[in-house]
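Presented below is the structure to which this report refers.
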Amino acid sequence: MSKPIKITAIILSLMVCLALSFGGGYVFGARTPLSPDQNLALAEEVWDVIFRDYVDLDKLDANALSQGAVKGMVEALDDPYTAYLDAENY
0 MSKPIKITAI
10 ILSLMVCLAL
20 SFGGGYVFGA
30 RTPLSPDQNL
40 ALAEEVWDVI
50 FRDYVDLDKL
60 DANALSQGAV
70 KGMVEALDDP
80 YTAYLDAENY
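Reminder that position 23 of the sequence shown reads as 22 in numbering that gives the first Met the number 0, one-by-one numbering, no gaps.
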């Protein structure tokens with residue numbers, strides 16, 4: 000293989016790799032979920048409202064609320080193979 004053909008083949012290979020890299024980043028970058036801060040903003044707001052405005056603050060159990068929120072998130076997956084095990088059940 001002559002030197003100009005080798006150089007051309009190398010340059011074309013690099014260009015194909017570069018194009019695939021950018022294409023993959025474009026396709027998979029669009030599927031990136033929101034950051035946890037954005038996703039948890041509603042949960043934090045509800046938490047704040049409960050601890051600020053709930054009528055019987057003495058009965059609030061932060062641990063029970065947290066465990067319930069985690070169980071709810073896992074149940075929302077609607078996946079029979081995914082389960083949350085708390086410290087007692089683990």
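For each residue, glycine too, the CB sits at the ideal point set by N, CA and C. As the structure is a prediction and not an experimental result, all values here were calculated from the model.
Excluding residues up to 5 positions away in sequence, Tyr83 lie with their Cβ nearer than 7 Å to the Cβ of Lys70 in the same chain.
Looking at the backbone, the Cα of Leu56 and that of Val48 are separated by about 11 Å. Within the same chain, no Cβ atom closer than 8 Å to the Cβ of Ala75 is found once the five residues on either side in sequence are excluded. The criterion of a C-beta distance shorter than 9 Å is satisfied by Ala68 and Ala42.
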